[in-house]
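Since the structure comes first, as structure tokens, the remarks are kept for the end.
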Amino acid sequence: MEQGQNLLGEQRWQFWIDRGGTFTDIVARKPDGTLLTHKLLSENPEQYKDAAVAGIKRLLGLKPGEAISPQVVEAVKMGTTVATNALLERKGDPTVLLITRGFRDALRIAYQNRPRLFDRHIVLPELLFEKVVEVDERLGAHGEVITPLDTTSVRQQLAALHQEGYRAVAIVLMHGYRFTEHEKKLADIATELGYTQVSVSHEVSPMMKLVSRGDTTVVDAYLSPILRRYVDQVASEMDGVRLLFMQSNGGLTDAHRFQGKDSILSGPAGGIVGMVRTAETAGFNKIIGFDMGGTSTDVSHYAGEFEREFETQVAGVRMRAPMMSIHTVAAGGGSILHFDGTRYRVGPDSAGANPGPTSYRRGGQLAVTDCNVMLGKIQPAYFPKVFGPAADEALDRDAVVTKFSELAEQIHQQTGNRRTPEEVAEGFIEIAVGNMANAIKFISVQRGHDVTDYTLTTFGGAGGQHACLVADALGMTRVFAHPFAGVLSAYGMGLADQTAMREQAMELPLSAQSLGQLDAELGKLSDEARNDLLTQGVAAQQINVIQRAHLRYDGTDSVIVVNFGDLAGMVEQFESAYKKRYSFLMPEKTMIVEAISVEAIGISTDREEKPEHLPPRQGPLTVTETVRLFSGGQWHDTALYRREDMRPGDIVHGPAIVAEKNATNIVEPGWLAEVTPLNHLMMQRYQARPQRKAIGTDADPVMLEVFNNLFMSIAEQMGLRLQNTAFSVNIKERLDFSCALFDAQGNLIANAPHIPVHLGSMGESIRTIIRENAGKMRPGDVFMLNDPYHGGTHLPDITVITPAFDKDGREILFYVGSRGHHSDIGGITPGSMPANSTVVEEEGILINNFQLVRGGRFLEQETVALLGSGPYPARNIAQNLADLQAQIAANQKGVEELLKMVDHFGLDVVKAYMDHVQNNAEEAVRRVITLLKDGSYDYPLDNGAVIKVAIRVNHEQRTADIDFTGTSPQLNNNFNAPSAICMAAVLYVFRTLVDDEIPLNAGCLKPLNVIIPEGSMLNPRYPAAVVSGNVETSSCITNALYGALGVLASAPGTMNNFTFGNGRYQYYETISGGSGAGKGFNGTDVVQTHMTNSRLTDPEILEWRYPVRLESYEIRDGSGGAGAWHGGNGGIRKIRFLEPMTASILSNNRIVPPFGADGGDPGKCGRNYVIRNDGREEDVGFVASTEMQAGEVFVIETPGGGGYGKPV
């Protein structure tokens, strides 16, 4: 019997299914090879138990109760969001986590960073496990047994939890990815006790990184039982039928091997396979995927091979498993439209399926779909009639017109801007298109791809309505739409291969000596993966195995995946890809094989698309109906064609509508659509896109949002260029940098910050350069400074500034700047962060208004001389030069993008909108000021200094004075903070008072009069030392401001800076405390607050790279202040030294506790102490350095946040 035939030799059906959150799409291949499509609601409990089974039965014409027979159906290939939805809604199975003692809070603390920079109430993703069992066991980074495994205690605790009803367990032990014996013993115990789901970290994700491997293992335990029940339910309805599920990595697997960790992107992965297979059949191999659905849009990149991520974050959970590389933005057909009084906004919230957009007849809000109904781009008569109480009515256009008419009137009343309802709808579409175009820039520009060489492949229910507009926004001229574009994820299931993937951590230098070990390990993994497919019924001759090595430079975290082969070939692949992405190489660094992976592919016989046999048509293509469509600011009489009436060779010119059963394609004016011999729809721009967009210089509420997003996108693109081309780990990995755009006067227009202390503090640096070089700057000039007395923060933060001239080189139109933390700039200690500096020269090289590039020539000799000068020169000048050149390149990107914007909109318009976006931000802050009242606060530091601030509100003028008069004079230690840091803290605090997404620019500061006495610790005179001002004093200023405002209890006034090192090793980290409570919310335990959001090194990486052992890092229970809303708890971090080193701590709140607000109690003070080898606990001060011997433990207890409101 041949594959596909039944016992009688007859061909059988196949069903390819995508069970989405809202709709289930089915593509059925009949025995004669023809294809049918079907769409039904995923949830319809009154009608059926499962949508996929119901759809199959409907297409086969089976009666209720009739089974689906393997004699009729050969295979069902399916993607499902069952597990994804359970993850998003936190509805997985109750799960127990087994983890090494000391790490019970490791997955909660994770890397300490908070997800949203400006939220006073920090909300972290909910944990997936309910119970934790701490296991008495400990292995070192190299497998040495420090504490033997105690199985007796674990067995007792697991037995008790089993009695409580728990059946899912996740086992995650320190270094268990490599040394598996303890995990295996625990898995055996759990299985013996009757746990039905046992997920073990070395099997789920055998890769270094406790936190992401732990999260992945917990996800697997949490979701696999749900998946199992769903698979069993579907399989029970089709006994004997081959059932395959799509994995996140883009390959199918047997239903009973489908695991929770591999299911997260099951549906979207099918879409990418479908996109690639169909586009390649059509002759395209460089494609951008544009999958627009109801709640979001997925964009993807393909240039010859599937791109996968091996570490990513989904629904707040870090995943370390291979997944298709997909970038998602919250812009879909259901994205809700907002008008905030000054500007239009789209999303990120969605109307969902219930109530859905206004047109769905359930009383929903206006959404993107309604815009297209208003504009005539969606014609209700050609859209499925599934609305209304009986689910048999068309979309409601009348309700849409009414609501847009009301909104147009509201906008006119509030802004004086008079627009018709359809112009309002088109304005919202323009913003949504801009958001989607920016997402595509993110996945293409970031990696050095020129998007204009690519074809935009559109799919998803809403893609075709916007594809031409998105292409225009990116300068792309081709759009490809498959006949099954509306159900392409389902179609992709049918074209996919079966795959089995295996991966394993290695952490070996890439060398001739290591090749043999790598080859042997890859051989074992290959056999495992191949056998996996053989047992799934794949024929041996159809299996192809690909072996890969995951390479990085030593000391960095940027991994490039290459095909495994000879040494020279792997080095060449790595260097070629690295240079394309980062534009330089590091030949002096060793290459490390971080991991190896194999992919066994069972090549599908269904990969090739077969041409459709279409019945001949009588006569030429005729217009089905002429309808009214609004595009480009005017109504057009527009031809509408039914897709099923079209045949190869047909060409239609825009504006036109091509209505399909599952999607609508809009052919915009200037575009044409042609049906190819394979019956694909190919849309091409045949009239040149207008180069200049004609808009006025008056503030327009649509263009205000467009320009806000464009300015921010340019700053972010500069940031990507800097991150990709920088040499130092601080910039590349820790993201300690900022990029910004300024107008010709030096006012901040847009800032893409990763570190809040950089906010707004670059403006003073720009104004220094403008003032000192007035009339002398020429095209191609670039300047730099780090001077804390002229807009700098501390010396390692170097700011590079480039003037942007007009095309003739006569007039400076704008400035761009980038600030990056250099790993060393000289000074008395390596790293330029000395604990005991008393003058600024001890902290490094002071740079003020230094010309870095003259007329396009990099002044290398002069720069080397500067960095090598003085009593404490920079230690690694070559690295400084590399980072400075990366900053120059980032600035150049900003200049190029701004000049493109001038070409497109005109200089007068761009300049006008630079003013308008500032006015918009200013108005948002003025609105907040009207809600504030006068207040003052004295904030004492542990060193005896006091920050005094008084806030005086003028409600009539909607302004505020922020007066730091009375603050301590400048100090003889390094806790002085330059005025730029004080301004950054003020800007940050007032930005957090606005509970909305507003742009961050100079307008935010216009209503604020900030008074900082010269010669005080917040505005010191040369030569005051300032290095702690950036990390410690900045935190104290924000807390003092919140104290004066009375809106938030204190977070720790410290970043708990911990450094250790010797001749061979240097390490620096900031350690979190608890956040302060506010009215209506508790503080959050152990999280980065206010002026920092830097990430912590994973425990396993810390121990692998440094001779230390992390004994524990736990939440410090009871350290948050009591109150009606309690403060967040601090943490306790214990590090044991395995060889002699010097350790230093720079901290605060060891004497003075973080204050409570409105009657709340203060948080507990922190404590720093050392446990010596003789058992003594030796307290060290809030600023201290101490010599550590092997075996001694440094303990840092961080402060808790203050409580808010009187304790009940």
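When the letters of the sequence shown are read in order and numbered with UniProt numbering, they come out as residues 1 to 1208.
Ideal placement from N, C-alpha and C gives every residue a C-beta, glycine not left out.
In this text the structure is predicted, and so the values were computed from the model without any measurement.
Range of the contiguous beta strand (DSSP E) that encloses residue i
i       : result
CYS1165 : Here CYS1165 belongs to no beta strand (DSSP E), and DSSP marks it neither H nor E.
HIS327  : 327-329
CYS1004 : Taken as a continuous stretch (DSSP letters only), CYS1004 belongs to no beta strand (DSSP E), as it is neither H nor E.
PRO225  : Premise fails: PRO225 lies in the alpha helix (DSSP H), 210-236, not in any beta strand (DSSP E).
ASN665  : 664-667
ASP954  : Strictly speaking, residue 954 in this sequence is Asn, with Asp absent from that position. First-last of the beta strand (DSSP E) with ASN954: 946-954.
SER300  : 297-302
ILE146  : 145-147
ASN1057 : 1057-1061
Selection from the options that minimises the alpha carbon distance to residue i
i            : options                            : result
PHE179       : GLN504, GLY780, VAL623 and PRO1007 : GLN504
residue 1215 : ASP787, ALA67, VAL123 and LEU227   : The first residue shown for the chain is 1 and the last is 1208, placing residue 1215 beyond what the model contains.
GLY460       : TRP1125, ASN665 and LEU813         : ASN665
THR477       : GLY486, ALA467 and ALA485          : ALA467
GLY537       : LEU252, HIS955 and GLU896          : LEU252
ASP1158      : MET1055, LEU866 and GLY1127        : GLY1127
LYS77        : LEU898, ALA1049, ALA83 and GLY492  : GLY492
PRO1199      : GLU1187, PHE1081 and MET1055       : MET1055
GLN313       : TYR111, THR191, ASP291 and TYR195  : TYR111
LYS610       : VAL702, LEU678, ASN438 and THR1097 : LEU678
MET207       : ASP996, ALA168, HIS412 and SER597  : SER597
VAL204       : THR196, MET1188 and VAL218         : VAL218
ASN972       : ASP915, LYS948, GLN745 and GLU842  : GLU842
ASP566       : ASP557, HIS327, GLN513 and HIS338  : GLN513
Spatial distance of residue i from residue j (CA atoms)
i            : j       : result
THR930       : CYS1165 : 35 angstroms
ASP150       : VAL1086 : 29 angstroms
VAL1195      : THR1070 : 14 angstroms
residue 1214 : ASN1030 : This structure cannot speak to residue 1214, because the chain is shown only from 1 to 1208.
GLY780       : LEU813  : 14 angstroms
ASP32        : GLN11   : 7 angstroms
HIS822       : PRO796  : 5 angstroms
GLY20        : SER350  : 16 angstroms
ILE1037      : THR967  : 11 angstroms
VAL329       : HIS550  : 28 angstroms
LEU7         : PHE428  : Residue confidence is low: LEU7 scores 46 on pLDDT, short of 50, so the model does not pin down where it sits. Its coordinate-derived value is still stated next. Between LEU7 and PHE428, the C-alpha separation is close to 58 angstroms.
ALA390       : LEU41   : 14 angstroms
ASN751       : ALA740  : 4 angstroms
SER1035      : ASN1148 : 10 angstroms
MET1         : GLN14   : At MET1, the pLDDT of 35 sits below 50, so the modelled position is not reliable and the matter cannot be decided from this model.
Anticipated Cβ contact below 8 angstroms, residue i with residue j, distance rounded
i            : j       : result
GLY1131      : ILE109  : 7 angstroms
THR959       : ASN1009 : 7 angstroms
ARG120       : GLY1078 : 5 angstroms
GLY333       : GLY294  : 5 angstroms
residue 1215 : LEU941  : Outside the shown range of the chain (1 to 1208) lies residue 1215, about which nothing can therefore be said.
ASN849       : LEU867  : Actually they do not touch by this definition, with Cβ atoms about 16 angstroms apart.
GLU594       : ARG552  : 6 angstroms
Residue range of the unbroken alpha helix (DSSP H) whose run includes residue i
i       : result
MET908  : Checking the sequence shown, residue 908 turns out to be Asp, not Met. Here the alpha helix (DSSP H) through ASP908 covers 907-929.
ARG1133 : No alpha helix (DSSP H) contains ARG1133, which is instead part of the beta strand (DSSP E) from 1131-1137.
PRO803  : Segment 797-805 is the beta strand (DSSP E) holding PRO803; no alpha helix (DSSP H) there.
GLY1029 : Neither: GLY1029 is in no alpha helix (DSSP H) and is coded neither H nor E.
ASP136  : Careful: ASP136 lies outside any alpha helix (DSSP H) and carries neither H nor E.
- [ ] Give a yes or no on contact between the region 410-424 and the region 337-344, applying the rule of three or more CB pairs nearer than 8 angstroms.
- [x] Using a C-beta cut-off of 8 angstroms, the region 410-424 makes contact with the region 337-344, since at least three inter-stretch Cβ pairs fall below that distance.
Task: Touch test, the region 900-915 against the region 1012-1019, Cβ-Cβ under 8 angstroms, three pairs minimum - done: Fewer than three Cβ pairs drawn from the region 900-915 and the region 1012-1019 lie within less than 8 angstroms of each other, which leaves the two stretches out of contact.
Open item on the list: Quick test of the definition: if touching needs 3 or more C-beta pairs under 8 angstroms, does the region 773-788 touch the region 986-997?
Closed with: no
Task: Three-pair Cβ contact test at 8 angstroms for the region 94-107 versus the region 1112-1129 - done: Inter-segment contact for the region 94-107 and the region 1112-1129 is present: three or more beta-carbon pairs are separated by less than 8 angstroms.
Task: Validate contact between the region 575-582 and the region 529-548 using beta carbons, cut 8 angstroms, 3 pairs - done: no
Task: Any 3 or more C-beta pairs closer than 8 angstroms across the region 433-443 and the region 254-271 - done: no
Open item on the list: With three or more C-beta pairs closer than 8 angstroms as the rule, is the region 235-250 touching the region 69-76?
Closed with: Yes, since at least three Cβ pairs between the region 69-76 and the region 235-250 fall closer than 8 angstroms, the two stretches touch.
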